[in-house]
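Numbering (our numbering), first residue to last: 419 to 553.
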């Protein structure tokens, strides 16, 4: 019985929150980061997005967690494009997690490497990131 109540509540929340949830990770392609470096930077963005969402939008965070924490990795050509996506996401009221690297390995100190957008309703994130190509 309790499982039915939980499923009903969760299904209702998904309908209210716009259905499917995801986190989009936007990677700067011009930095030519190695696979390990890129994975680390995406991990930083995911963790920062999670922490921000616990305060900013815990209901959306729960929905994202319950749906398996879907993540999509896309790319932009350069820092200007990354910052444009960040500005558009902020203007849309989405959670934004911009990562700056310490510069100890592959990229210059202070380089903006990855942007996390969300987690949130896929339809809302697609308005800001849907035009970007998969990494």
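Cβ coordinates follow ideal geometry from the N, Cα and C atoms, glycine included.
query	result
Rounded Cβ spacing between residue 399 and residue 532 (contact assumed at less than 8 Å)	This structure cannot speak to residue 399, because the chain is shown only from 419 to 553.
Contained alpha helix (DSSP H) runs [length at least 4] in the region 456–485, N- to C-terminal order	476–484
Separation of residue 439 from residue 481, as counted between CA atoms	7 Å
Selection from 540, 549, 545 that minimises the alpha carbon distance to residue 489	540
Option in 491, 510, 525 with minimal Cα separation from residue 452	525
Residue 540 (DSSP reduced to helix, strand or coil)	helix
DSSP bridge partner residues for residue 529 (one or two, in chain order)	For residue 529, which the question treats as bridged, DSSP gives no partner whatsoever.
Segment limits, beta strand (DSSP E) that includes residue 446	439–446
Segment contact flag, the region 515–530 with the region 453–461, C-beta cutoff 8 Å, min 3 pairs	yes
Contacts around residue 528, its chain only, beta-carbon distance under 8 Å, and the 5 residues preceding and following it disregarded	518, 519, 521
Reduced DSSP category for residue 512 - H, G, I as helix; E, B as strand; rest coil	coil
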